[in-house]
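The structure appears below as structure tokens.
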Amino acid sequence: EVQLVESGGGLVQPGRSLKLSCAASGFTFSNYDMAWVRQAPTKGLEWVASISTGGGNTYYRDSVKGRFTISRDNAKSTLYLQMDSLRSEDTATYYCARHDFDYWGQGVMVTVSS
Amino acid sequence: DIQMTQSPPSLSASLGDKVTITCQASQNINKYIAWYQQKPGKAPRQLIRYTSTLVSGTPSRFSGSGSGRDYSFSISNVESEDIASYYCLQYDNLPLTFGSGTKLEIK
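Right under this line is the structure:
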């Protein structure tokens with residue numbers, strides 16, 4: 006059974022950093038591009054970033070470029086999202102997903118507030 | 004960036020009705036559209052990919068169609084378990100973009 010389990014969310018002050026993790030199981034992690042998608046409270050879905058199977062290619066939405074870094078450890082079957090210089094508008098539930106967007110994690114909440 | 008204009012924002016239907024949601028892309032997306040169902044507090048669930056391919060486990064009352072810029076998603080014989088929000092996603096080009104969502108309610 007495919008499982009994606011996010012962790013690392015919480016309350017953080019503006020300008021600070023947070024690192025999300027997504028532990029994958031039930032499939033060969035290294036064979037799949039992966040992605041992060043977020044959803045602000047009561048709002049719609051927004052793609053954040055994607056990474057290729059080997060990690061050599063990464064893609065970001067403009068609003069997080071230069072602040073967020075997506076990475077992966079295929080030996081640990083884990084996806085990461087390093088979030089720096091956080092802003093209030095980054096407040097959202099963050100989901101990891103296979104890049105086919107067929108399987109999603111349960112989501113982790115990130116709140117940026119002083 | 005490709006804009007996905009989804010309508011209507013909300014829908015009220017009776018059990019057994021057929022409902023249709025549309026997504027119009029700002030440019031041709033070559034049928035690379037998927038549809039998702041999201042229930043409150045839950046992750047989105049993929050129902051349809053590549054315009055009309057039902058994902059394993061998706062009931063046959065769900066369907067999708069379209070081409071070029073214009074796509075639609077339908078639920079025939081709406082059931083109470085279909086109460087949710089629905090989103091389209093274009094995956095033809097980065098940045099990937101979602102429609103703004105449609106909230107389905109039962110009359």
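So the protein lines, in turn, are chains F and S. Residues in the first sequence are numbered from 6 upward in steps of one, following our numbering. Residues in the second sequence are numbered from 4 upward in steps of one, following our numbering. All C-beta atoms, glycine included, are put in the ideal place defined by N, C-alpha and C. Remember, it's a predicted structure, so these values are computed and weren't measured experimentally.
- By the Cβ neighbour-count rule, Ala45 (chain F) is exposed, with fewer than 16 other Cβ atoms within 10 Å of its own.
- The distance from the Cβ of Gln93 (chain S) to that of Tyr39 (chain S) is about 12 Å, inconsistent with a contact at the 8 Å cut-off.
- For Leu23 (chain F), the enclosing beta strand (DSSP E) starts and ends at 23–30.
- Among the residues facing chain F, Ala46 (chain S) is included, as its CB has a counterpart in that chain under 8 Å away.
- DSSP, read as helix, strand or coil, puts Ser68 (chain S) in strand.
- By the neighbour-count criterion, in which 16 or more other beta carbons inside 10 Å mark a residue as buried, Glu84 (chain S) falls on the exposed side.
- Remark: C-beta atoms of Val113 (chain F) and Pro19 (chain F) do not approach each other more closely than 8 Å.
- By the Cβ neighbour-count rule, Val7 (chain F) is exposed, with fewer than 16 other Cβ atoms within 10 Å of its own.
- Across the set S:Asp95, S:Val58, S:Pro62, S:Ser13, the C-alpha of S:Asp95 shows the shortest separation from the C-alpha of Ile32 (chain S).
- Nearest to Gly61 (chain F) by C-alpha distance, out of F:Ser35, F:Lys70, F:Gly71, F:Leu50, is F:Ser35.
- By the criterion of a C-beta distance shorter than 6 Å, Gly102 (chain S) is surrounded in its chain by Met7, Gln9, Cys26, Tyr90, Cys91, once the five residues flanking it on both sides are discounted.
- The DSSP-derived three-state label of Asp4 (chain S) is coil.
- Within its own chain, the residues whose Cβ lies closer than 7 Å to the Cβ of Arg103 (chain F), once the five positions on either side in sequence are excluded, are Tyr37, Met39, listed in chain order.
- A straight line joining the alpha-carbon of Ser26 (chain F) with that of Leu14 (chain S) spans about 36 Å.
- Membership of Ile56 (chain F) in the beta strand (DSSP E) is indicated by the continuous run 50–56.
- DSSP, read as helix, strand or coil, puts Val117 (chain F) in strand.
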